[in-house]
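Comments concern the structure below.
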Amino acid sequence: MKPTPPIDKLIVPLDGTFEAEAAITPALKIARQLHVPLELFTVHDPVHGRWATGIDSLAADTEYDDVEVVCVSAGWAGDHLVQMSQESAGAVICLATHNRDRFSRMVTGSVTEHVIRQAPCPVLMVGPHYDSAFEPDQYRDCIVCLDGSVRDEAALHTARHWARQLDLGLRLVHIDSPGRPEEPQVYESALETLTRELTEAGIRTEYAHITHNDVADGIRVLQSEMPGSLTIVTSRNRGVSRWVVGSTTLKVLANSPSPVVLADTSYELHGRTSIRQQA
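Below, the structure is given as structure tokens:
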């Protein structure tokens, strides 16, 4: 497997709405910390025949020297974004919406779904409850949501990668249902092992093993106790249209006060085992 390249660009697609602009704030924080470009991207809207307006003013208002503005005059935004991520292996695409009524449609919408499914990179998402005032000047911690499946390896891979670059402390989180009393012993051992391994690798790591009736709400409570933390989750599969509706991940995205990173699911999982099997 090729080594994962470092983050080398943050891409924020803009469509002329205030909601989309919310992704600029977290992307800018990461860009400043890593000293990499922040790219504000817009494409001509073939339906309404307009551009995202004021993009140059937005770039000037960031007060960051390495901001690029990319305006494309034709084509579909989803294809352009995937192509941009393919051309820059270290790119991170940052997407946002603050309109609660439109949130579910945005997540399952054609452009966003296409990006999540096809882009070979993590996607940072800002949901309707995001509040930049809730955050510190830079990210210092990251909540890593684990469900005990083989998907956890993708979340852990992204978490290790981001922790080393951004000097993040990791909080590994698994939430059990009160109706599954056999699970705590299994996951407690696995979480302890993972925490020890990551700590020995030089990454500040601790874990939280929580019992809660609603997994997404349990994560939200933990986020409220760790203001300004990033949260890493994975989709259930690459067929995002089946994943989003009614999923725990959608609930996390919809209620998170801080940015949520969808792990790079292109990471190869062949031969990997779940943390349940490791325990």
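Quick note: to get our numbering, add 118 to the position in the sequence shown (first position is 1).
Positions of the beta carbon are idealized from the N, C-alpha and C atoms, including for glycine.
- When beta bridges are read from the DSSP output, Phe159 appears opposite Pro131, Val188.
- The beta carbon of Pro124 sits closer than 7 Å to the beta carbons of Gly208, Gln283 from its chain, once the five residues preceding and following it are set aside; these are given in chain order.
- A Cβ-Cβ separation of about 20 Å leaves Thr160 out of contact with Ile148 under the 8 Å criterion.
- The three-state secondary structure of Met344, taken from DSSP, is coil.
- Spanning the alpha carbons of Gln151 and Thr143 requires a straight line of approximately 13 Å.
- DSSP, read as helix, strand or coil, puts Thr180 in coil.
- Considering only Glu324, Val339, Thr323, the residue with the shortest C-alpha distance to His330 is Val339.
- Taking the C-beta atoms as reference points, Ile293 is found nearer than 7 Å to Val333.
- Nearest in C-alpha terms to His232, of all of Pro375, Leu264, Trp194, Ser342, is Trp194.
- The segment 232-274 contains, as complete beta strand (DSSP E) runs of 3+ residues, the segments 241-244, 259-263 (chain order).
- Between Leu132 and Ala138, the CB-CB gap stays under 7 Å.
- The Cβ atoms of Glu157 and Glu186 sit closer than 7 Å to each other.
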